[in-house]
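One point on numbering: in the working numbering, the residue at position 36 of the sequence shown is 37, and numbering is uninterrupted. Here's the structure we're looking at; comments come further down.
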Amino acid sequence: MTNLTLIAAAHQHKRIRRFMPGDTELSAVSQPQLVALAHHLNSLSGHIDY
Numbered sequence: 002m003t004n005l006t007l008i009a010a011a012h013q014h015k016r017i018r019r020f021m022p023g024d025t026e027l028s029a030v031s032q033p034q035l036v037a038l039a040h041h042l043n044s045l046s047g048h049i050d051y
């Protein structure tokens, strides 16, 4: 893996953990739940209004 891939993976993990508690065992989350979360995350602009 390249450094950019590792950075992207770490960023995605951080985004997922904003919606799932840190003690959630991700292997216990169903594929449809992960897909729904991915769709939700992809729909976000990444821009935060204050």
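The beta-carbon is built from N, C-alpha and C at its ideal position, and this holds for glycine as well. Just so it is clear, the structure is predicted and the values come from calculations on it, not from any experiment.
Query                                                                                     : Result
Pair within 9 Å by beta-carbon distance, Leu-5 and Ile-17                                 : no
Any C-beta of chain D under 9 Å from that of Arg-16                                       : In the structure shown, chain D does not exist; there is a single protein chain.
Bounding residues of the alpha helix (DSSP H) (the contiguous stretch that carries Thr-6) : 4-20
Reduced DSSP category for Val-36 - H, G, I as helix; E, B as strand; rest coil            : helix
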